[in-house]
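A short worksheet on the structure shown next.
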Amino acid sequence: MVAKKDKYLWSNGAPIDEHTKTKHSILKQYVSHYFDVRFQNPQVREFKFAIVDGFCGGGRYETGEIGSPLIFLQEIKAAFLREKIRRKVNGMPELRLIGSVFFNDGSNDAIGFLREQISGMKCDTDQSSLAMQIEYSCEKFEDFYPSVRSRLLQAGIKNVLFNLDQCGNTKVKISEIKDIIQTFARSEILLTFLIEPFLAYLPKHDSGGLAQRFRHLDITPQQLGKLEWFQDGRHLSYNERIGAAEYIVYNIFQECAQYISPFAIYNPKGWKYWSVHFSNNFRAREVYNGVLHDNATHQAHFGRSGLTMLCSDAKQKGALYLFDQSAREEAKAALYADIPRDIDLHNHVSSVRNFLQRAYRTSVAHRDDILATASMHPDISIITSKGNYRRSLNGITLDDTLVLAPQRSFFFMPKT
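Sequential numbering of the sequence shown, starting at 10, is according to this note's numbering.
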């Protein structure tokens with residue numbers, strides 16, 4: 010991650026902030042799941058992918074903790090070895106992994122230090138089945154992206170994961186995010202977005218300052234009005250205004266991809282960064298949702314639970330969702346009402362696949378919570394592709410069908 014030069018001289022030992030540790034924890038787990046999911050189909054004998062770390066930093070901090078470049082390399086290797094063992098044990102065809110990894114940073118010091126860290130890594134993987142090419146560059150992202158885009162297109166790589174851990178919120182343009190998602194069929198983006206400058210203006214009656222802060226996002230006057238201190242005859246709380254800011258940026262990001270998750274990296278001392286995931290694949294969003302819950306209390310969201318967490322009503326934005334067990338219980342209560350309502354809007358019947366595709370557009374509820382709530386609901390039946398009732402929660406597949414009873418019951422959400 011690029012930051013102030015006087016703070017991040019990697020060769021002299023760069024400090025690591027707490028929010029960076031949180032980001033790395035989430036990145037490590039997500040990358041691990043990313044490859045595990047992509048490797049699942051035993052018929053896939055060759056997987057071609059690219060990792061683009063647009064603000065990579067030097068790779069190792071003064072405490073010895075590794076940064077995103079080394080996290081990527083370690084998790085790629087670990088996932089490949091897991092899959093190699095799985096296929097061998099189950100008599101499946103071997104997998105050949107072909108990867109292109111691009112590390113870019115605006116600091117020569119960072120890139121030079123990163124080269125040293127990677128050159129010292131032990132390579133004990135079978136190179137005949139794992140081919141990985143690493144390239145380094147030292148450019149501004151706006152100059153780096155066109156060249157790497159061209160390289161990826163020439164190579165015909167469709168599985169691309171961009172890690173854009175920018176310092177601030179202006180180094181990655183909305184147009185670049187849109188282009189990545191539209192250009193590469195199976196692309197995903199992990200974006201760090203500094204929200205602190207916006208929040209600094211929320212306690213103040215400074216519409217001009219807010220407008221200036223949001224200017225690079227092409228925010229409209231109507232959207233800016235949602236952040237006004239006084240609305241609907243009352244003063245909004247600080248948390249409600251944070252929720253409104255989240256919703257505005259979410260709407261802007263929503264134009265970039267089908268599945269967006271803008272949520273704050275939780276810090277009791279103040280809100281600084283959002284970690285945003287972009288994808289056009291609902292399964293990618295499903296996996297990311299799971300990672301957020303596995304890192305409970307490290308991420309946060311202002312808004313309601315259930316299928317419409319990202320609602321536009323500022324009055325519903327006072328709640329803090331921390332992805333922990335207590336929050337999940339609240340989510341189940343909301344899902345109990347939301348799920349039958351959604352199925353009702355779709356002619357009382359929906360495949361599990363179509364239902365989840367809709368659900369993940371506006372919710373970060375955990376998959377287990379969604380399906381558990383649906384399976385135990387007295388008004389919903391889950392039918393297999395053969396027309397039988399699905400009895401086991403663990404057996405639910407994407408091809409199953411959710412059927413809403415013609416007459417609704419008056420059961421309340423049972424306590425767990």
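Positions of the beta carbon are idealized from the N, C-alpha and C atoms, including for glycine.
Asked, Found
"Output the distance between the C-alpha atoms of Ile107 and Ile85, rounded to the nearest integer angstrom.", "11 Å"
"Using a Cβ-Cβ cut-off of 8 Å (strictly less than) and excluding sequence neighbours within five positions of Gln38, which residues of its own chain qualify?", "Val300, Asp303 and Asn304"
"Quick test of your reading: Thr406 and Ile392, contact by CB under 8 Å. State the CB separation rounded to the nearest angstrom.", "Actually they do not touch by this definition, with Cβ atoms about 11 Å apart."
"With C-beta atoms as the reference, is Pro349 less than 9 Å away from Arg400?", "no"
"Could you check what DSSP says for Thr29 in three-state terms: helix, strand or coil?", "helix"
"First and last residue of the alpha helix (DSSP H) that includes Ser335?", "Gln334 to Leu354"
"Report all residues from its chain with a CB closer than 7 Å to the CB of Ala23; omit the five preceding and five following residues, and keep chain order.", "Tyr17, Gly67, Tyr70 and Glu71"
"Per the DSSP calculation, Glu55 is bridged to which residue(s)?", "Arg105"
"For Ser77, is the classification buried or exposed, using 16 other Cβ atoms within 10 angstroms of its Cβ as the cut-off for buried?", "buried"
"Just verifying my parser: in three-state terms, what is the DSSP assignment at Ser196?", "strand"
"With a 10 Å radius around its C-beta and 16 neighbouring C-beta atoms as the bar for buried, classify Gln175 as buried or exposed.", "buried"
"Between which two residues does the alpha helix (DSSP H) holding Asn298 run?", "Phe291 to Asp303"
"Would you say Ile186 and Ser288 are within 9 Å of each other, going by their C-beta atoms?", "no"
"Sorted by chain position, which residues of the same chain lie with C-beta nearer than 6 Å to Lys324's C-beta, five sequence neighbours on each side aside?", "Any reading at Lys324 must be qualified, since the residue scores a pLDDT of 48, below 50, and its modelled position is unreliable; the value itself is stated next. Excluding residues within five positions, none has a Cβ falling inside 6 Å."
"Strictly by DSSP, which residues pair up with Arg69?", "Ile75"
"Would you report the Cα separation of His428 and Ile261, rounded to the nearest angstrom?", "The requested residue 428 is not part of the displayed model; the chain covers only 10 to 425."
"Please determine, among Cys265, Phe122 and Gly115, the residue with the shortest C-alpha to C-alpha distance to Ile183.", "Cys265"
"Under a three-way DSSP split, which group does Ser418 fall into?", "coil"
"What residue does the beta strand (DSSP E) around Tyr369 start on, and which one ends it?", "No beta strand (DSSP E) contains Tyr369, which is instead part of the alpha helix (DSSP H) from Val361 to Thr371."
"Cα-Cα, which of Ala164, Asn113, Ser270 and Lys395 is closest to Glu151?", "Asn113"
"Flag this pair as yes or no: are the beta carbons of Arg105 and Leu139 separated by less than 9 Å?", "yes"
"Leaving out five residues on either side along the sequence, give the residues of the same chain with a beta carbon under 6 Å from the beta carbon of Ala414.", "Asp388"
"Using the DSSP secondary-structure output, state which residues sit across from Met141 in a beta bridge.", "Gly108"
"If Phe111 and Glu74 are in contact, beta carbons under 8 Å, what's the gap, nearest whole angstrom?", "No, Phe111 and Glu74 are not in contact; Cβ-Cβ is about 22 Å, not under 8 Å."
"Inspect the beta-carbon positions of Glu148 and Leu170 and report whether they are closer than 9 Å.", "no"
"Do you know whose CA, among Ile166, Asn356, Thr317 and Ile94, lies nearest Arg370's CA?", "Thr317"
"For Phe44, I'd like the list of residues in its chain whose CB is within less than 6 Å of its CB, leaving aside the five on either flank, ordered along the chain.", "Ala88"
"How should Ala164 be labelled, buried or exposed, when 16 other C-beta atoms within 10 angstroms of its C-beta is the threshold for buried?", "exposed"
"Verify whether the separation of the beta carbon atoms of Ala368 and Ala374 is less than 9 Å.", "yes"
"Enumerate in chain order the residues of its own chain whose CB-to-CB distance from Tyr282 is below 8 Å, with the five nearest sequence positions on each side excluded.", "His28, Lys32, Thr201, Phe202, Leu203, Ile204, Glu205, Ala273 and Ile274"
"Name, in chain order, the residues that DSSP records as bridge partners for Arg433.", "Outside the modelled stretch of the chain, which goes from 10 to 425, sits residue 433, for which no answer is possible."
"Ends of the beta strand (DSSP E) at Asn172?", "Asn168 to Leu173"
"Helix, strand or coil for Asp114, going by three-state DSSP, please let me know.", "coil"
"By how many angstroms is the C-alpha of Ser146 removed from the C-alpha of Lys57?", "22 Å"
"Assuming contact is defined by CB atoms lying nearer than 9 Å, are Val61 and Asn172 in contact in what I supplied?", "yes"
"Note down, in chain order, each residue of its chain lying with its Cβ closer than 6 Å to the Cβ of Asn168, except the 5 sequence neighbours on either side.", "Phe58 and Arg195"
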